[in-house]
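K.L.:
Heads up: the sequence shown begins at 1 in the UniProt record's numbering, then just goes up one per residue. Glycine included, each C-beta is placed from N, C-alpha and C at the ideal position. Mind looking over this structure? Questions follow.
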Amino acid sequence: MTKKLYDYDVGENVSLFVLIKTSETRIAKNGNKFIAINFSDKSGVISAKFWDASAKDIEQFKAGNVVYLKGKRENYQNNPQIKIAHLRLAKEDEPRDPSLYVPDAPEETRKMKEELEEYLEKIENKTWHDVVKLLFQENSEQFLAFPAAKSNHHAYSGGLAYHTLSILRMAEAVSGEYPEVNKSLLYAGAILHDMGKTLELSGPVATTYTLEGNLLGHIVLIDEQIVLAMKKLDVDLNSEDAVLLRHMIVSHHGLLEYGSPVKPLLLEADVLHQLDNLDASIQMIRNSVSRTEGGAFTERLFAMDGRMFYHPKVKEKND
């Protein structure tokens, strides 16, 4: 089998086709231009620097292009990176379809869609059910294909649906443990909370933020879509049902400095915020730990306050 990025050990020479996930031209201390690149394939993403980049290099090595990479797998400040020896664009007769190098969600799209629809039908409140169903139908293609983020957590094809489904499964467990939680409201909020990512992000290949994503963000974008859906369905925007559902969405980041215009002021809103954080944190940690040898620490995770996580040598197996 052809080796992928994370199949190579530190210090080993690499030689493979990869996707340029991101590409940013910068200026080095000596005044020369270089390209900060993130390479991607099905195994994950690794960063690299292309030094002394010419105008032609900058033009060629853009995000979304497939390239043939030769170099060496290294660690820099405990973070994985590639030292580039040679880089060229993939030729017409070589595997240059970008989708071949985008990591996928660990579950099949069809099965995720079916389970998401099952949770949707468990929403007993008619207003919430009808709004969620309309928006899911309008955005299902992108919702099932998009990542949940540009980087950090669930940054792969189908990541948005998988992240949402993970939260729904935990929400079901929480509402079973605490019957006072309004299950319908929690499910509705869980399905919609990140649906604005379909407008905020460009898609699973060479993911970037759209103009609306940069200037407005996914919380504002999906709240607007909820209002439009409610108008289509003749829902009173001043009704408690309408206001509660919108609060679930606008408060799910928890803090104003993290992008929420208000903090969670409903039990269900706080549960959604906590589950959202929990799922994102677990995903980031386990991805990093899975690429770290037992008895060693992971790279520093920026989104986890720069912490490094230890991978124990011996792990208990789940029953």
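Below 7 Å CB to CB, which residues in the same chain sit around residue 197 once its five sequence neighbours on both sides are set aside?
P.N.:
Only 146, 148, 160 and 218 meet the Cβ criterion.
K.L.:
Measure the C-alpha to C-alpha separation of residue 82 and residue 171 and round it to an integer number of angstroms.
P.N.:
40 Å
K.L.:
For the beta strand (DSSP E) that contains residue 89, what are its first and last residues?
P.N.:
79–89
K.L.:
Can you check which of these residues, 266, 64 and 105, is closest to residue 143 by C-alpha distance?
P.N.:
105
K.L.:
Here's the rule: buried if 16 or more other CB atoms are within 10 angstroms of the residue's CB, otherwise exposed. What is residue 188?
P.N.:
Residue 188 is classed as buried because its beta carbon has at least 16 other beta carbons within 10 Å across all chains shown.
K.L.:
Under the three-state reduction of DSSP, which class applies to residue 155: helix, strand or coil?
P.N.:
In this structure, residue 155 counts as coil in the three-state DSSP scheme.
K.L.:
Among the residues of its own chain, which have a CB less than 8 Å from the CB of residue 26, if the five just before and after it don't count?
P.N.:
33, 34, 35 and 36
K.L.:
Where do the ends of the beta strand (DSSP E) carrying residue 320 lie?
P.N.:
With the chain covering only 1 through 319, there is no way to say anything about residue 320.
K.L.:
Closer than 8 Å is the cut-off here; do at least three beta carbon pairs connect the stretch 204–214 with the stretch 92–112?
P.N.:
yes
K.L.:
Just checking, does the stretch 293–302 make contact with the stretch 265–279 on the three C-beta pairs under 8 Å criterion?
P.N.:
no
K.L.:
Which same chain residues, not among the five before or five after residue 132, have their C-beta less than 7 Å away from its C-beta?
P.N.:
Excluding sequence neighbours, residue 132 sits near 120, 123, 188, 191 and 192.
K.L.:
Taking a contact to mean a Cβ-Cβ separation below 7 Å, would you say residue 250 touches residue 235 in this structure?
P.N.:
no
K.L.:
Where DSSP assigns a beta bridge to residue 74, which residues make up the other side?
P.N.:
81
K.L.:
Identify the continuous alpha helix (DSSP H) that holds residue 36 and give its terminal residues.
P.N.:
Here residue 36 belongs to no alpha helix (DSSP H); instead the beta strand (DSSP E) covers 33–41.
K.L.:
Alpha carbon to alpha carbon, what distance is there between residue 285 and residue 138?
P.N.:
33 Å
K.L.:
In terms of alpha-carbon separation, which member of 258, 70 and 111 lies closest to residue 3?
P.N.:
70
K.L.:
State the Cα-Cα distance for the pair residue 17 and residue 164, rounded to the nearest angstrom.
P.N.:
C-alpha of residue 17 to C-alpha of residue 164: approximately 31 Å in a straight line.
K.L.:
Would you report the Cα separation of residue 231 and residue 242, rounded to the nearest angstrom?
P.N.:
A straight-line Cα-Cα distance of about 11 Å links residue 231 and residue 242.
K.L.:
Would you report the Cα separation of residue 179 and residue 173, rounded to the nearest angstrom?
P.N.:
10 Å
K.L.:
Return the CA-CA distance between residue 222 and residue 312, expressed in angstroms with no decimal places.
P.N.:
When only Cα atoms are considered, residue 222 and residue 312 end up about 41 Å apart.
K.L.:
Skipping 5 residues on each side, what residues in its chain have a beta carbon closer than 7 Å to that of residue 6?
P.N.:
43, 44 and 291
K.L.:
Kindly indicate which three-state DSSP category residue 50 falls into: helix, strand or coil?
P.N.:
Strand at residue 50.
K.L.:
Is DSSP giving residue 169 helix, strand or coil here?
P.N.:
helix
K.L.:
For my contact list, residue 366 and residue 11 are in at a C-beta cut-off of 8 Å; report their separation, rounded to the angstrom.
P.N.:
Only positions 1 to 319 of the chain appear in the structure, and residue 366 is not among them; the question remains open.
K.L.:
As an exercise, report each continuous beta strand (DSSP E) stretch of at least 3 residues that is fully enclosed by the stretch 229–280, in chain order.
P.N.:
Within the stretch 229–280, complete beta strand (DSSP E) segments of at least 3 residues are not found at all.
K.L.:
If you run the structure through DSSP and keep just helix, strand and coil, what is residue 146?
P.N.:
coil
K.L.:
Is it right to say residue 220 is buried, meaning 16 or more other beta carbons lie within 10 angstroms of its own, or is it exposed?
P.N.:
buried
K.L.:
Three or more C-beta pairs closer than 8 Å, one from the stretch 106–114 and one from the stretch 88–97: is that the case here?
P.N.:
no
K.L.:
Within the same chain, show all residues whose beta-carbon is closer than 8 Å to that of residue 74, passing over the 5 residues directly before and after it, in chain order.
P.N.:
10, 11, 80, 81, 82 and 83
K.L.:
Using three-state DSSP, classify residue 213 as helix, strand or coil.
P.N.:
In the structure shown, residue 213 sits in a helix (DSSP, three-state: H, G or I).
K.L.:
For residue 311, does the three-state DSSP call read helix, strand or coil?
P.N.:
strand
K.L.:
In whole angstroms, give me the CA-to-CA distance for residue 199 and residue 68.
P.N.:
32 Å
K.L.:
Run through the DSSP bridge pairs and tell me what residue 104 is partnered with.
P.N.:
157
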